[in-house]
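Data first, discussion second: the structure below is written as structure tokens.
Right, here's the structure in full:
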């Protein structure tokens, strides 16, 4: 076990979901080891190894926030960075939106909300709401394609470091130079 939710793991989860009638190829959570899948395996606590869970909502879900309030800059995001750093060690929980447990987008949304800034709930919505930047600045969001499309994100800290809620690490600081993150990096957006 390498802790990476790669193509083999995805195929195994999908096969399990089909054979146990948990989800289908048309389902929103097909291939995501979410609460129903984990529960059927007898795993409790809601934590899992899928960093893609936060991107599974479709953009047609109008009940989710799609507005972005507040311009991005190093000074205006210092509170966001401070909040994010204070959460290091919080566990990963699929669908989590509080210090009791975060998924990657829940962590970002919480860190911004604690500083009066509204951001969308899912990684895909954040990607679509942000403005493309060629090189991230402190407080910008960095995005990764761990499965098709933007599927994981973190907050850029500077010096090639970002903070995020990883499925196997919880909230932690990682380097964009790490081979896994550099291979899956797809760009940065400013909110």
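Residue numbers (UniProt numbering): 1 to 191. Heads up, the beta-carbon is just placed ideally off N, CA and C, and yes, glycines get one too. As the structure is a prediction and not an experimental result, all values here were calculated from the model.
- In the DSSP annotation of this structure, residue 174 is not part of any alpha helix (DSSP H); the continuous beta strand (DSSP E) holding it starts and ends at 170-175.
- Only residues of its own chain outside the window of five on either side were considered, and among them 144, 145 and 146 have a CB closer than 6 angstroms to the CB of residue 184, listed in chain order.
- Taking C-beta separations shorter than 7 angstroms and ignoring five residues to either side along the sequence, the partners of residue 115 in its chain run 79, 80 and 83, following chain order.
- DSSP assignment within the UniProt domain "NlpC/P60" (74-191) yields the following whole beta strand (DSSP E) runs of 3 residues or more, N-terminal first: 131-133, 141-144, 152-158, 161-166, 170-175 and 185-190.
- Taking the C-beta atoms as reference points, residue 191 is found nearer than 8 angstroms to residue 141.
- Counting C-beta atoms within 10 angstroms of its own C-beta, residue 188 has 16 or more neighbours from the protein chains shown and is therefore classed as buried.
- Residue 93 and residue 182 have their C-alpha atoms spaced approximately 24 angstroms apart.
- In terms of Cβ geometry, residue 157 and residue 133 do not form a close pair [threshold 8 angstroms].
- In the structure shown, the three-state DSSP call for residue 41 is coil.
- Around the beta carbon of residue 87, a 10 Å sphere encloses 16 or more other beta carbons of the protein chains shown; the residue is thus reported as buried.
- Nearest to residue 85 by C-alpha distance, out of 180, 161, 179 and 178, is 161.
- Residue 19 sits exposed, since fewer than 16 C-beta atoms from the chains shown fall within 10 Å of its C-beta.
- It is roughly 26 angstroms from the alpha-carbon of residue 90 to the alpha-carbon of residue 13.
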